[in-house]
Structure formats: C-alpha cells, structure tokens
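Colleague: Chains as they are written, first to last, in our numbering: chain D, 1 to 387; chain G, 1001 to 1387.
Ideal placement from N, C-alpha and C gives every residue a C-beta, glycine not left out.
1) From the DSSP output, in three-state form, read off residue 1006 of chain G for me.
2) Rounded to the nearest angstrom, how far is the Cβ of residue 1018 of chain G from that of residue 1124 of chain G, given a contact under 8 Å?
3) Thinking residue 1199 of chain G and residue 1171 of chain G are a contact (beta carbons under 8 Å), I'd like their distance in whole angstroms, please.
4) Less than 7 Å separating the Cβ of residue 202 of chain D from some heavy atom of the ligand NAD?
5) By alpha-carbon positions, which one of G:1181, G:1291, G:1384 ends up nearest to residue 1197 of chain G?
6) Looking only at DSSP bridge pairs, what is residue 1072 of chain G linked to?
7) Would you tell me roughly how many angstroms separate the C-alpha atoms of residue 1357 of chain G and residue 189 of chain D, rounded to the nearest one?
8) Evaluate the contact criterion for the region 1002-1020 of chain G versus the region 1350-1367 of chain G: three or more CB pairs, one atom per stretch, below 8 Å.
9) Which bits of chain G does residue 24 of chain D rub up against, with CB to CB less than 7 Å?
10) Which chain D residues are close to residue 1006 of chain G, counting only those with a beta carbon under 9 Å from its beta carbon?
11) Can you find the residues in the same chain that come closer than 7 Å, C-beta to C-beta, to residue 342 of chain D, ignoring five residues on each side of it along the sequence?
12) Within 10 angstroms of its Cβ, does residue 1322 of chain G collect 16 or more other Cβ (buried), or is it exposed?
13) Identify, in the order they occur along the chain, each residue of the same chain with its Cβ nearer than 8 Å to the Cβ of residue 1203 of chain G, setting aside the five sequence neighbours on each side.
14) Compile a chain-ordered list of the residues in the region 83-111 of chain D whose CB is closer than 7 Å to at least one CB of chain G.
15) Measuring only between beta-carbons, confirm whether residue 63 of chain D sits less than 8 Å from chain G.
16) What are the boundary residues of the beta strand (DSSP E) that residue 1351 of chain G is part of?
17) For the region 153-166 of chain D against the region 207-227 of chain D, do three or more pairs of beta-carbon atoms, one drawn from each stretch, fall closer than 8 Å, so that the two count as touching?
18) When you check each C-beta in the region 1198-1230 of chain G against every C-beta of chain D, which residues fall closer than 8 Å?
19) So, for residue 1278 of chain G: in the same chain, excluding its five sequence neighbours on each side, which residues have a beta-carbon less than 7 Å away from its beta-carbon?
20) In whole angstroms, give me the CA-to-CA distance for residue 1378 of chain G and residue 1140 of chain G.
21) I need the straight-line Cα distance from residue 1121 of chain G to residue 1175 of chain G, nearest angstrom please.
22) Between which two residues does the alpha helix (DSSP H) harbouring residue 1140 of chain G extend?
23) Using three-state DSSP, classify residue 114 of chain D as helix, strand or coil.
24) Consider the Cβ of residue 47 of chain D: report whether some Cβ of chain G lies at a distance smaller than 8 Å.
25) Helix or strand or just coil, what does DSSP make of residue 1020 of chain G?
26) Roughly how many angstroms lie between the CA atoms of residue 1112 of chain G and residue 249 of chain D, to the nearest whole one?
27) Can you check the region 1225-1296 of chain G for any beta strand (DSSP E) of at least 3 residues that lies completely inside it and give the ranges in chain order?
28) Got a sec, what are the start and stop residues for the alpha helix (DSSP H) residue 1176 of chain G sits in?
29) Under three-state DSSP, which class holds residue 126 of chain D?
30) Give every residue of the same chain whose Cβ lies closer than 8 Å to the Cβ of residue 1063 of chain G, excluding the five residues on either side of it in the sequence, and list them in chain order.
31) From the DSSP output, which residues share a beta bridge with residue 1164 of chain G?
32) Compute the distance between the beta-carbons of residue 1281 of chain G and residue 1337 of chain G, then report whether it is under 8 Å.
33) Could you have a look at residue 14 of chain D and say whether DSSP puts it in helix, strand or coil?
34) Would you give the residue range spanned by the alpha helix (DSSP H) that residue 1046 of chain G belongs to?
35) If the cut-off is 7 Å on Cβ atoms, which residues from the region 1340-1367 of chain G count as contacting chain D, listed in chain order?
36) Residue 375 of chain D versus chain G: which residues are under 7 Å apart at the beta carbon?
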C-alpha cells in the first residue's frame, strides 16, 4: 500500500466488552454480552443496547476521527449482526450508517467478525467468557461463513469498504497456554463450557481457505481479505505461499501485556527494546505477506502504576496503582511508546489502535487509573498520542 | 471577573430535547421528556434514560473540553433530579460525577434549573411542549425552591461549583408574542394545556428575590447566583439597583434566530451588524450588572441554506437546504460569526455555547444539514470554532 494505515478500532460499540462500558452491565450479574442478553428482560436489554448503539458512536466521532488524521477504522461486528440469533438484537442498520459516515469523512473500513457462536477464544470479547467451542459443530462454521458472505454482499460496492476479516483472534494451543482463558474468564455455566479447547492450526487454515474462496468471488478485486495470525506471527509463510491468494493480508495483534507475560521488565526502556525486536519480526513477515497490526494500545503495567498481570482489569480484579507518575512523566512515557510503536507498525502496512473510546471513569472510580491509555480519544486530548 | 467565561452547555444530557437526541425517542409518539417517560414502560424508560446518561457525557468529554480550552460548563438539570417525581428517574448521581470530573479537569460549573413542573415557557426544553403553567400553583413554586436549596446544600462546598441559576428561560409577555410557544409546540393534552400563559415580570422578580434569599444563606459568598433575563435584557436595572444583592449576575440568551425573527437579513454581514448592536446593548447593561451569555450558537438560516423560520428543526418540520455552501465558504462564515460573537460576549463576562454535542446525523438524514452548527464538538473538529 502507498498509504499507511493510521487506524483505530471501534471497540465496545457493536460488540460489547464489560470493561469498556461497565455501566451498560449495571444491576446484572453478566460479565459478557451473552449473559447481558440473557439476564435482562427483552424490553430492558433492547432499550439498553439500542441506546448504546445510537450514542456510543455517532457522526460526531467520525468528524473528530477525520480531523485527528485517522484514515482507517476496524469495526468489530458480532455474529448476530443480522438479527437472526435471538435473544440478541441485530444491528446492521448501525453498520450501514457507519459506512456512510466513513465515506463522508474519508475513512476506510475493515470489517472484523469479532464473535462466533460458542466463541473462538474463551475471552470476554468472544461474546461469552470461559467458553471456547466454536468449530466443533459444522453448522456453526457454516453459519459464520453465511454471515461473512452476507456482509460481503451487502457492502461489496460501498466505497468505504476496504477489507473483511473472517474471524478475530481465534486461539490455538500456543496462546491457550499463555493466556489460560478458562482460568482468566470463568464460565458461568460449567456444563456449557465443557469440551472447550483451542482450535487446531489445520482447522483454522482450512476455515480461512474456505472463507477466502467464498468471499473472493463476491468482493471486488481491490477489497482486502485479512486473516488474524491466531497469535502466531510466524506460522503463516507456507499457508500464504502454497495457496493462490489474491489481495490478502495478515493481521497481528501486539500488546505490551504480551511482552510482560513473556517476562519483559515493566519499564519504558524495556518496552522500547521489545518493540525493536518486534520490528525485526514484522520485517521478516512483511517479506512474504503484507502485514498490519490490527490491535495494540499504549496500556502497560509501568504507566498503570501496578503489575496488572497481563492486563487484568477492574471488572475482574482491582489493583491499587501504587506508583502514579507525574503528569509530565506520563506524557513523556506514552509519547515515547506511541512514536516507537507506530514506527514499528509502519514497517508493515500500519496499525489500528484498540480502541477509539471507553466509558470508564478514572476519577470517581480510581481503580480505572491507567486504563485510560486504551482510549485513543483520551490519548489524543492528553497529548499522549498524535496521529 | 478576571477570567472570561469560555463555556459550553451540557445540553441534552440530564434534560432531554428530542431534536438533540432523536434516537432516544424512537418508536414512541413522544415529542418531549414528559411524554417519553409516560409513553414507555417503566422498564424501557429507565433503561433508555440510564444508558443515555451514562454514555452521552463521560469523563472523556471533560478531558477533551479541558484540552480545547473550555473553562466553564453550564449544566441544565431537571426539577426531578432528586428522583422524587415519578415516573421521572432522578439523576443526582450523574451530577455528582460531573462535579468530580469538572474539578479534576479545571472546569467550573454553573448549575441551571432548566425545567419546572408545568413548564415556565411552553418550549420542548421546558420538559413538556405547549404547556406553560408553572407559577400558578404555590406548591409548584415551593417545590422548585426546595430543589434549588437541595442542590445548593449538596454542592456548596464543592470546588467545582461556580454558580446556580434558579430557572432557565422563564417567558414573559414579550417573548410569548414573538415565539408563540403554544403554536410552535403543540400540546398533546389540550386539557392539560388550558390556562397556559406567560409569567408576569412582577411574579418572576418576586420569585428571583425569594430564590436569592434562600440560596444566599446556603452558598459560599463567592458562589454566583445568576438570573435569566426572561428575554428582556434591559428590564433589570431597577431590580438589581433596588435590591441588596451580593454576587449576582444576569444571564442573557442570544441566538441569531432571534435576529432573524426580528427581521435581520439572512446573511453574514447582517448578522455581524446585528452582533455589533448587541455589543452596545451588553455594554450598557454591564455598567450596572455583570452579564454573561448563557446560551448562543452558530446556527443561522444562511449557513443552513434555508429560511428556518426561527430555528424550526427537522423533528418539527423538514426544510430542504436549497443553498448549500462550499466547505471553505462554510468555514469562513462560521469563523467570522464565532469570532465576532465571542468578542461581543466578552464585553460582558463571557459565554456558554449551546451545546457541547448533539446526536444528530447529517449524512444519513440530510434534513439535519446545518443543525451541526449547534454542536461545539463538531464546530471544533471542523475548525468553525476555536476556544
């Protein structure tokens, strides 16, 4: 690509994560979108979710994104976007509006199917915490392919469409061991979670080939099909070289939390060194497949003032930030991380920050201190970031 | 004051107006907050309103306001803020949070009691369209005084509190004739609207004296008590000079729509000339009472591309903008109006723009073209305004 992706994710909008909009979950025991829909009455659930969708992202946000220099957005969508999976409420009309806003404000869209029935990773962001069973039933796979082709058919000629990503963060054995999703996100229904297990790489590659085959014939040739690396950046050389793919890319998600979990010291210098190493890895991959960083953030334990143990957040466990930096120190640390990160991601095709906004409250609920570095709108206002 | 007020209203947040957040009113026949609460089931109403309050204004907005240079906000609150007027849902906990955000981000608050039982003006923003009966029952007046003293007692020692305004836009005979609220906002319940009439100036001044008396003994001496001029800027000299008031101010609302209704030509030059005249009037008033402009906006029929007949909006009637300016022409027109307006308001103590944000959609619903100039967050992004 001639233009680098200076992008951001619209997380927490059409796909919910409790930590991003905790107020939406109040007065329910729900920890994820699945149980929000099941714990509330139909009337209350629909009123909450529709109000959220109408307010969380509006035209005004697109106007600001353009003004700040953002040229791409990645939009996570749930598998029930078309409204055919009760009790979940579809939301395709909100996505339609977003496409028109994006067109009006010169922003290109990467559609990201972020959840699937039964979940592909067991994370809260897979839609149901502590369950990871997608791919075990053929019907669930077929259903996901039908959602993808329906999205492709609906938007294929829309000038704002840049690409489609068949599935977000499918988990394979490697990350399953590191993240231990079933410990980190406990299933509410133990019986439902039974049989949860990581996907195999061969299943995933087969799914990717099938998704590619079905999408490529629908989409315009210039529309990108992007595959998440399943947290295995270097596992895809043969896949891409042995297939005959047109206009495909690799999406890799890179968080400093991963660096911390792998033992990187919680200090700016160490993060920068880690990013240097990542840059070399990206260069290696970019030699055989265009690669972009579809998710990353400024969040880290050093600026959060506490060891977050891989990004455990206040909806899961509250830490006390015992080492709050001065405002000027925070600005300096974040600016260094921002500049180094963006320079690193630009070794590839560019990046999408996670995320555009969060409805957390660091003042009235100090446990959220430090989590504001996930929120690009705040990072821009605070001069931690500059597109 | 040594510092000018560079302020904005948080309109549409704790007090609803349909045109500001039309999605919140979907699937109901309601045109105002009164009927929204009555048309929806308790469960759906509460879910909508609580989600709206939690999402429409968040800490992130305060961070951005500070970054943009805003030093004051005016917060409209409804008479049922304390939750003692079912079916309306109170919202004092949201106001509490806003006070703490304001303190954290160096913003001072003017509390504005924006609605009263039965309405003080018959506008949609009085809470119930086409009804104007407040002040006819002594109990309603007593109730409003109790809300004011409760607010004063709750926030009197909060560092973010700058002032309290006893009632927004009470209407007297003069504006009653110009705006004709009962024609402009038709009552849904004709019987309830019976007996609607403007307030008399003597009633209003008596109410202001009583509110002053009760508030002054609660509030710190440095906390301002501000009175809206009831759209009669020059009617208050005797009132202020004959009373013995400490630390009071006059609030006047100045919209270009008023200029248009008084016959000003719909053209930038004419608006600028009108603003020159207003400046002279403000200087005259400022000689005997500190005066600020508590509401104004960039909205006008010229840039809207159609005669809006005094700001009639698309929830009331749809006009077709038949003269859309080029982007550069819009920027130039708005910048001229912004600069001239702010310079004029600074003849007094400064200003509060109406409003910080609107959830309208000018792309998917082109009838809203031009109404974006009511939304400061968009005006800033589009470089129409600079604090």
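Modeller: Reading off the structure:
1) In the three-state DSSP reduction, residue 1006 of chain G falls in the strand class (E or B).
2) The Cβ separation is near 6 Å, so the contact holds.
3) Taking the Cβ atoms as the reference, residue 1199 of chain G lies roughly 6 Å from residue 1171 of chain G, within the contact range of under 8 Å.
4) For the ligand NAD, the structure offers nothing, since it holds no ligand at all.
5) Comparing C-alpha distances from residue 1197 of chain G to each of G:1181, G:1291, G:1384 shows the shortest one belongs to G:1181.
6) Note: residue 1072 of chain G sits in a beta bridge opposite G:1007, G:1108.
7) If you take the alpha carbons of residue 1357 of chain G and residue 189 of chain D, they lie about 42 Å apart.
8) They touch, by the three-pair rule.
9) Within chain G, the residues near residue 24 of chain D are 1051.
10) Per Cβ cutoff of 9 Å: no residues; residue 1006 of chain G is ~16 Å from chain D at best.
11) Counting only residues of its own chain and dropping the five nearest sequence neighbours on each side, residue 342 of chain D has a CB closer than 7 Å to the CB of 351.
12) Answer is exposed; the Cβ neighbour count stays below 16.
13) The residues 1135, in chain order, have a CB closer than 8 Å to that of residue 1203 of chain G in the same chain once the five nearest residues on each side in sequence are set aside.
14) Going along the region 83-111 of chain D in chain order, one finds 97, 100, 101, 104 with a Cβ nearer than 7 Å to chain G.
15) Between residue 63 of chain D and chain G, the shortest Cβ-Cβ separation is below 8 Å.
16) Here the beta strand (DSSP E) through residue 1351 of chain G covers 1350-1353.
17) Contact annotation: the region 153-166 of chain D touches the region 207-227 of chain D, with at least three C-beta pairs closer than 8 Å.
18) For the region 1198-1230 of chain G, which is checked against every Cβ of chain D, not one residue is closer than 8 Å.
19) Apart from the 5 residues on each side of it in sequence, residue 1278 of chain G sits with its Cβ closer than 7 Å to the Cβ of 1254, 1344 in its chain, given in chain order.
20) Taking the straight line joining both Cα atoms gives about 38 Å.
21) Whole-angstrom Cα-Cα distance: 9 Å.
22) Residue 1140 of chain G -> alpha helix (DSSP H) spans 1138-1155.
23) Collapsing the DSSP output to three states places residue 114 of chain D in coil.
24) By this cut-off, residue 47 of chain D is an interface position.
25) Residue state, collapsed to three classes: coil.
26) The straight-line gap from Cα to Cα measures roughly 54 Å.
27) Correct list: 1248-1253, 1291-1295.
28) Unbroken alpha helix (DSSP H) run through residue 1176 of chain G: 1173-1179.
29) The answer is helix: DSSP assigns residue 126 of chain D an H, G or I state.
30) Exclusion of the five residues before and after residue 1063 of chain G leaves 1105 as the residues of its chain whose Cβ lies within less than 8 Å of its Cβ.
31) Answer by DSSP bridge pairing, in chain order: G:1111, G:1225.
32) No.
33) Residue 14 of chain D falls in the coil class under three-state DSSP.
34) Annotation for residue 1046 of chain G: the continuous alpha helix (DSSP H) segment containing it runs 1042-1056.
35) Answer in chain order: 1357, 1359, 1361, 1362, 1363, 1364.
36) Within chain G, the residues near residue 375 of chain D are 1060.
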